[in-house]
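Numbering (my numbering), first residue to last: 4 to 205.
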């Protein structure tokens, strides 16, 4: 996919308007309009698209500081195209969750879910992270509720499907542990574990 570096885009905006003003003052608008057009196109592209693509790529490569810095270059998030706006809050939520700022992350994720996301894969990614936050809090019922919602989605990415299976396994193991504890068993010993009494010697 073709993309323009955000700093190159800022340069195009500045040069477009500055060049347009200077050229119009010296040669007239008939020569300056092309500079204005370039500046306007670059500005509209920045306002609608932001830095979502590059920030997402940085987050995938575990460059959390870089992703945070790149998202910080979006000064008008409310002007983003609807899908990009949802991705903006999704990425902000992921970064907040990485910093263990769970309340802030949940707020961002809820905003993202209320907007137009590209696919069910992205919705599933958000629900998985929200389930993880609830699990960290020890709220396993809340985690289950989010996992139930992922089952209603048409997930296509293998990686996300695997993550859902892993989380389901963790929840199931948690349930088995609680049942064992309620029966007075030590789950760490397993069914065949524990020390056996040695018979008395006669």
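Beta carbons are placed, not taken as given, at the ideal position from N, Cα and C, and that holds for glycine.
8 Å contact criterion, which residue i and residue j should meet: CB distance rounded
i	j	result
residue 137	residue 149	7 Å
residue 132	residue 85	In fact, because the Cβ distance is near 21 Å, the residues do not count as touching under 8 Å.
residue 74	residue 58	5 Å
residue 91	residue 77	6 Å
Continuous alpha helix (DSSP H) stretch holding residue i: start and end
i	result
residue 150	143-154
residue 126	123-139
residue 119	Premise fails: residue 119 is in no alpha helix (DSSP H) and is neither H nor E.
Residue i classed as buried or exposed, judged by whether at least 16 other C-beta atoms fall within 10 angstroms
i	result
residue 112	buried
residue 128	buried
residue 168	exposed
residue 102	exposed
residue 38	buried
Sequence-distant residues of the same chain with beta carbon closer than 8 Å to residue i, five excluded per side
i	result
residue 12	45, 48, 49
residue 88	80, 81, 118
residue 62	70, 94, 97, 98
Close beta carbons around residue i, own chain, < 6 Å, minus the five adjacent residues each side
i	result
residue 145	137
residue 126	120, 156
residue 153	127, 130, 167
residue 100	108, 132
residue 187	Caution is warranted here: a pLDDT of 49 is assigned to residue 187, below 50, making its placement in the model unreliable, and the coordinate value is therefore given only provisionally. Result list for residue 187: empty, nothing under 6 Å.
Any non-hydrogen atom of the ligand GDP within 7 Å of residue i CB
i	result
residue 113	Here there are no bound small molecules, and the ligand GDP is not part of this structure.
Same chain, Cβ closer than 7 Å to residue i, neighbours up to 5 away in sequence not counted
i	result
residue 26	34, 35, 38
residue 143	174, 177
- Task: Any chance you could list the alpha helix (DSSP H) runs of at least 4 consecutive residues sitting entirely within the region 30-86, in chain order?
- Result: Counting whole runs of 4 or more residues, the region 30-86 contains the alpha helix (DSSP H) stretches 32-52, 55-63, 67-74.
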